[in-house]
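Student: Residue numbers (the UniProt record's numbering): 1 to 132. The C-beta atom is built at its ideal place from N, Cα and C for all residues, glycine as well. Attaching a single structure in C-alpha cells format; questions to follow.
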Amino acid sequence: MRKSNSSNSINEKSILEDCPITSTWLAIGGRWKLVIIWQLRDSPMRYNMLFRAIPNISQKMLTQQLKSLVEEGWVYKTDFKEIPPRTEYKLSKLGLSFLPILRKIYDWGKENDIAAKYSVGPFKEEPRTKHR
C-alpha cells in the first residue's frame, strides 16, 4: 500500500477529481468490463451464456467482473427463485446510457482496423461452445 501523501497518490487523486475521462476509464477499464457490457447490449444473459460468449475469460474472472459491475451500478442481477437456480444479468440505466459511446468506440476501432494493428481483442477466436 502506498502512502496517501506520496506523489503518486497525490497525482492520482488530482487526475481523478478533475478528469471525467480518467474517472470513467477507471470505472469501466480493464480487460473484461467493456466486453461484458458489450455482450449485454441486446438482451439479458445468463452466466453460462456470457461465459461462452467471451473467449479466454475464466469463470473466476467473469464472476469477479460481474460482481463489480453489479456493485457499481452498471449491470442488474436478477435471481429467479427457481429450481434449478437461474440468474440473469442485464444492463442498468447507467450501462444502457454508455452503449452509444461504446458503439462509437466499436465503429472507430473497425474503421481504423485497431484490432489488427495492435493484435488485441478477446474476439479473435470463435466463441466457446462447451463449458470449461
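Among the residues of its own chain, which have a CB less than 7 Å from the CB of Arg103, if the five just before and after it don't count?
Tutor: Nothing meets the Cβ criterion.
Student: From Tyr38 to Lys81, what does the alpha carbon distance come to, in whole angstroms?
Tutor: In the sequence as presented, Tyr is not what sits at residue 38; that position holds Trp. In a straight line, the C-alpha of Trp38 is about 27 Å away from that of Lys81.
Student: Alpha carbon to alpha carbon, how far is Pro84 from Tyr76?
Tutor: Rounded to whole angstroms, Pro84 and Tyr76 show a C-alpha spacing of 20 Å.
Student: On the DSSP bridge list, what partners appear for Glu12?
Tutor: Beta-bridge pairing by DSSP links Glu12 to no other residue.
Student: Grab me the residues of Lys90's own chain with a C-beta within less than 8 Å of its C-beta, minus the 5 sequence neighbours each way, in chain order.
Tutor: Leu40, Ser43, Pro44, Met45, Val75, Tyr76, Thr78
Student: I'd like the span of the alpha helix (DSSP H) that includes residue 143, first residue to last.
Tutor: This structure cannot settle anything about residue 143, because the visible part of the chain is limited to 1 through 132.
Student: Go through the region 44-113 residue by residue and report every complete run of the beta strand (DSSP E) that reaches 3 residues or more, in order.
Tutor: 75-80, 86-91
Student: What residue range is occupied by the uninterrupted alpha helix (DSSP H) comprising Ser23?
Tutor: 20-28
Student: Does the Cβ of Glu17 have 16 or more other Cβ atoms within 10 Å, making it buried, or fewer, making it exposed?
Tutor: exposed
Student: Determine the DSSP secondary structure at Ser7, reduced to helix, strand or coil.
Tutor: helix
Student: Please tell me whether Asn54 and Val35 are closer than 8 Å, where the distance is taken between their beta carbons.
Tutor: Looking at the sequence shown, residue 54 is not Asn but Ile. The beta carbons of Ile54 and Val35 sit closer together than 8 Å.
Student: Would you tell me roughly how many angstroms separate the C-alpha atoms of Phe98 and Lys60, rounded to the nearest one?
Tutor: Cα to Cα, the separation comes out at about 25 Å.
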